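Residue numbers for the sequence shown follow my numbering, beginning at 245 and rising by one. All C-beta atoms, glycine included, are put in the ideal place defined by N, C-alpha and C. All values reported here derive from a predicted model rather than from experimental measurement.
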Amino acid sequence: MTNKIAQSVAAALAGVQDGATVLIGGFGTAGIPGELIDGLIEQGARDLTVVNNNAGNADAGLAALLKTGRVRKIICSFPRQVDSWVFDELYRSGQLELELVPQGNLAERLRAAGAGIGAFFCPTAYGTELAKGKETREINGRQYVLEYPIHGDVALIKAERGDRWGNLTYRMSARNFGPVMAMAAKYTVATVHEVVELGALDPEAIVTPGIFVSQIVRIERVATQAGGFKKSAWNRPPGQKEQA
Numbered sequence: 245m246t247n248k249i250a251q252s253v254a255a256a257l258a259g260v261q262d263g264a265t266v267l268i269g270g271f272g273t274a275g276i277p278g279e280l281i282d283g284l285i286e287q288g289a290r291d292l293t294v295v296n297n298n299a300g301n302a303d304a305g306l307a308a309l310l311k312t313g314r315v316r317k318i319i320c321s322f323p324r325q326v327d328s329w330v331f332d333e334l335y336r337s338g339q340l341e342l343e344l345v346p347q348g349n350l351a352e353r354l355r356a357a358g359a360g361i362g363a364f365f366c367p368t369a370y371g372t373e374l375a376k377g378k379e380t381r382e383i384n385g386r387q388y389v390l391e392y393p394i395h396g397d398v399a400l401i402k403a404e405r406g407d408r409w410g411n412l413t414y415r416m417s418a419r420n421f422g423p424v425m426a427m428a429a430k431y432t433v434a435t436v437h438e439v440v441e442l443g444a445l446d447p448e449a450i451v452t453p454g455i456f457v458s459q460i461v462r463i464e465r466v467a468t469q470a471g472g473f474k475k476s477a478w479n480r481p482p483g484q485k486e487q488a
């Protein structure tokens, strides 16, 4: 009987190897698999290449992983933000390698990996430093840059609901890079807030089929900084905590 429900985050991440390329979902702070990142820190894998939309916020989550010194390289679109001081320090001191990728290219390179596409031509970045050293080609009068897929050894993503086969649904913008990262990785771990019985998920609503998921871990809902299930964190009555 297929059962992809892991007993713990530690059990789900036990096999992550040193030198792995780890795809981590999230857009800003939406859909960040914080529990899995914390679990990866505890697990201890080193010399990692991390792929994410940004390079972490403040001192938690991805920033905390970078702070351990166990990430060799980060591939992302938005490395610098007002609270990206961990990345800034590591990058400026030469302790962290950066590959800057336009956000659309990042999504398409991940999608290409999952779809089995060997490479593709994209107009983004032509004529800039990001295209330096890459093959270019004129197609129908427009210049394009050759881009290659980003394959992951491991993907860590956050979903909303899942079943024991690994089928997943997401909540709003928490979906972001999760589906393409699940397809692009050899081994995918997803956290869910709810594990449901087989058949409870409408097949038409399943975003990530279980064939792309290796393990799921149920986690509790926790308070978030903003957004969550309420229309606005700013509209909460004084002293009331937001649940997400």
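Mind checking N296: buried by the 16 CB within 10 Å criterion, or exposed? buried
Give the secondary structure of D282 by DSSP, where H, G and I count as helix, E and B as strand, and everything else as coil. helix
What are the start and end residues of each continuous beta strand (DSSP E) run of 3 or more residues lying completely inside the segment 335 to 403, in chain order? 341 to 344, 364 to 366, 380 to 383, 386 to 391, 396 to 402
Contact between the segment 378 to 392 and the segment 355 to 370: three or more CB pairs below 8 Å? yes
Whole-angstrom Cβ separation of S321 and V294, contact assumed at under 8 Å? About 13 Å separates the two Cβ atoms, so there is no contact after all.
Per DSSP, what kind of secondary structure is A274 in: helix, strand or coil? strand
Evaluate S458 with the Cβ neighbour count: other Cβ atoms within 10 Å of its Cβ, from every protein chain shown; 16 or more gives buried, anything less gives exposed. buried
Endpoints, the alpha helix (DSSP H) within which K311 is located: 306 to 311
Starting from V436, trace the beta strand (DSSP E) in both directions and tell me its first and last residue. 429 to 436
Report yes if the C-beta distance between I401 and M425 is below 9 Å; otherwise report no. yes
C-alpha distance - D407 paired with S252, whole-angstrom precision: 16 Å
How would you write the range of the alpha helix (DSSP H) that L257 sits in, first residue to last? 253 to 257
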